[in-house]
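A short write-up of the structure that comes next.
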Ligand SMILES: Nc1ncnc2c1ncn2[C@@H]1O[C@H](COP(=O)(O)OP(=O)(O)OP(=O)(O)O)[C@@H](O)[C@H]1O
Ligand SMILES: [Mg+2]
């Protein structure tokens with residue numbers, strides 16, 4: 029029984045519909061103390077095989093066993109422990125952490141051992157001294173030469189005192205001197221009783237190995253016997269291992285943030301701008317919606333409907349349709365329109381969902397005399413509860429024998445500056461209408477100005493209350509029945 033045994037290892041890569049058989053039935057045995065060189069052409073599957081041995085890849089068939097115990101590649105915890113305690117990996121591209129210094133890179137691997145902080149520190153310094161990097165421990169990886177990076181990777185791979193050291197092309201980028209140094213290191217490591225598996229293209233490196241395994245077309249072609257029969261089996265006591273503590277992960281994250289702070293600051297700034305824009309537009313949207321709703325509700329009360337009789341001839345019906353858009357037309361037509369009877373008002377009141385029925389009378393072409401001056405009021409109507417009191421700019425809603433006058437068409441024409449002074453003054457209101465027999469009649473009365481209203485209607489709003497309108501009309505002996513009704517639902 030060998031220390032590490034690979035049995036029937038097969039590995040395929042599926043690219044689109046094509047299958048690449050990279051490893052075809054590999055069987056290999058390794059002993060502690062060996063320094064095995066894996067050679068073979070580029071793309072032959074050496075790194076693939078190393079990843080399987082290193083526990084980095086579990087998508088293959090066949091089995092790997094350590095000291096007679098098969099490894100369960102689908103048991104994550106077991107695999108974690110295997111990688112932590114048994115394997116030291118020097119990858120083809122070093123894989124040093126760029127925001128950590130040389131010392132911190134090695135310390136990170138040592139953080140997965142149960143040594144005390146001072147012991148870890150001492151061991152990190154010793155390991156770096158062994159690979160000749162004592163003077164470089166404060167440098168970051170990008171400040172090192174290729175050979176130096178390779179040494180840091182070796183020191184880090186040895187931190188957990190692994191039984192198996194995998195080195196993928198460790199001398200690929202090194203000159204002859206450095207290659208010799210690294211080889212000497214790997215040989216020393218194997219002699220300490222570890223298994224060193226080294227992937228290489230270099231004949232020199234292969235020559236330093238105790239055994240060479242050649243990978244050709246996904247199979248082990250030749251496996252010359254171990255040159256040195258006296259393998260060192262005495263091993264160093266393994267270091268007690270543990271998973272990377274969360275504290276170390278958090279520290280790493282902070283170090284990374286510090287290392288890339290300009291980048292992070294930009295991300296924070298960008299995110300802040302983004303969030304701010306979202307909040308701004310959300311606020312603007314809500315504000316604009318609220319404003320539009322408010323404006324619409326002040327123009328028209330969505331819960332009240334003005335009801336008029338349908339005209340009984342085609343010409344009046346056309347005018348009536350226009351009246352929806354033009355209150356002046358509405359007033360004109362009102363004079364000729366049939367009025368509402370009490371029975372009709374009751375019928376409206378009895379409708380489902382109707383909460384209130386408010387009768388109104390509207391007249392057209394009124395004249396308002398203030399002292400010697402006369403002003404034309406295209407419409408004189410009764411104030412209904414759907415007229416917004418918000419539009420009152422002075423005074424209050426008209427009571428009995430009072431009137432509310434329009435601000436721009438009457439009050440400001442009377443006085444552009446002192447128009448508020450109109451409130452409390454007496455004015456004479458008159459208009460022409462027809463009695464039941466069709467004879468023209470003048471309706472007139474002296475009223476006190478109760479308030480000034482800034483109406484949104486084109487013809488302005490001059491309004492009295494319903495009582496006053498009825499009193500004016502009954503004095504002139506014309507109908508006092510309502511010409512329109514405001515129905516509240
Ligand atoms: N993720 C992948 N998906 C598809 N094919 C892959 C993948 N990884 C590797 N291969 C292919 O598998 C084959 C073996 O790759 P591998 O990296 O093991 O070669 P290698 O022997 O290490 O080569 P080199 O000496 O150049 O490092 C190559 O043909 C490669 O293209
Ligand atoms: Mg490779």
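Residue numbers (this note's numbering): 29 to 517.
Glycine included, C-beta positions come from ideal geometry on N, C-alpha and C.
Item	Value
Just checking residue 196 against ligand 2 - is the residue's beta carbon closer than 7 Å to any of the ligand's heavy atoms?	yes
Shorter than 7 Å, the distance from the beta carbon of residue 47 to the closest heavy atom of ligand 1, or not?	no
Rounding to the nearest angstrom, what Cα-Cα distance links residue 201 and residue 85 in this structure?	25 Å
Which runs of the beta strand (DSSP E) spanning at least 3 residues fall entirely within the segment 98-186, listed in chain order?	115-118
Between which two residues does the alpha helix (DSSP H) holding residue 216 run?	204-219
Residue 182 and residue 213 - do their beta-carbons sit closer together than 8 Å?	yes
Report the residue from 217, 369 and 484 whose alpha carbon sits nearest the alpha carbon of residue 325.	484
Buried or exposed for residue 47, going by 16 or more other Cβ atoms inside 10 Å?	exposed
Between the Cα of residue 246 and those of 300, 191, 40 and 503, spot the shortest distance and give me the residue it belongs to.	40
Please go through the same chain and pick out, in chain order, the residues whose beta-carbon is closer than 6 Å to the beta-carbon of residue 353, but skip the five residues on each side of it.	Residue confidence is low: residue 353 scores 48 on pLDDT, short of 50, so the model does not pin down where it sits. No coordinate-derived value is stated.
At a cut-off of 7 Å, would you count residue 52 as near ligand 1, judging by its Cβ distance to the nearest heavy atom?	no
If you reduce the DSSP assignment to three classes, tell me which class residue 233 lands in.	helix
Near residue 290, what residues of its chain come up, given a Cβ to Cβ distance below 8 Å and the 5 sequence neighbours on each side ignored?	none
With hydrogens ignored, establish whether the beta-carbon of residue 120 is closer than 7 Å to any heavy atom of ligand 2.	yes
Cβ of residue 68 within 7 Å of any heavy atom in ligand 1?	yes
If you compare alpha carbons, which of 188, 495 and 130 is closest to residue 160?	130
DSSP state of residue 57, grouped into three classes?	strand
Near residue 50, which residues of its chain fall below 7 Å by C-beta distance, leaving aside the five closest residues on each side in sequence?	39, 40, 41, 73, 76 and 246
Any idea if residue 379 is buried or exposed, counting beta-carbon neighbours within 10 angstroms, 16 or more meaning buried?	exposed
Give a yes or no on whether the minimum CB-CB distance between residue 116 and chain D is below 8 Å.	Protein chains in the displayed structure number just one, and chain D is not present.
How about residue 43: is its Cβ closer than 7 Å to a heavy atom in ligand 1?	yes
Name the DSSP bridge partner or partners of residue 514?	334 and 386
I'd like the list of long-range same chain contacts for residue 498, defined as Cβ closer than 6 Å, with 5 residues on each side in sequence excluded.	508
If you draw a straight line from the alpha carbon of residue 355 to that of residue 312, how long is it in whole angstroms?	Interpretation of residue 355 is limited by its pLDDT of 45, a score under 50 that renders its predicted location unreliable; no figure is taken from the coordinates.
Can you give me the Cβ contacts of residue 100 inside the same chain, cut-off strictly under 7 Å, excluding the 5 residues immediately before and after it?	106
For residue 270, which of helix, strand or coil comes out of DSSP?	coil
By alpha-carbon positions, which one of 504, 267, 126 and 221 ends up nearest to residue 168?	126
For ligand 1, I want to know if residue 82 counts as a neighbour, meaning its beta carbon is within less than 7 Å of at least one of the ligand's heavy atoms.	no
List the DSSP bridge partners of residue 194.	117 and 225
Could you tell me the distance, in whole angstroms, from the CA atom of residue 457 to the CA atom of residue 492?	10 Å
Quick one, which of 54, 93 and 375 has its alpha-carbon nearest residue 519's?	Since the first residue of the chain shown is 29 and the last is 517, residue 519 is not available in this structure.
Among 439, 151 and 239, which has the Cα closest to the Cα of residue 224?	239
What residues match up with residue 239 in a beta bridge as DSSP calls it?	64
Beta carbon of residue 74: closer than 7 Å to some heavy atom of ligand 2?	yes
I'd like to confirm something about residue 90: is its beta-carbon nearer than 7 Å to some heavy atom of ligand 1, or not?	no
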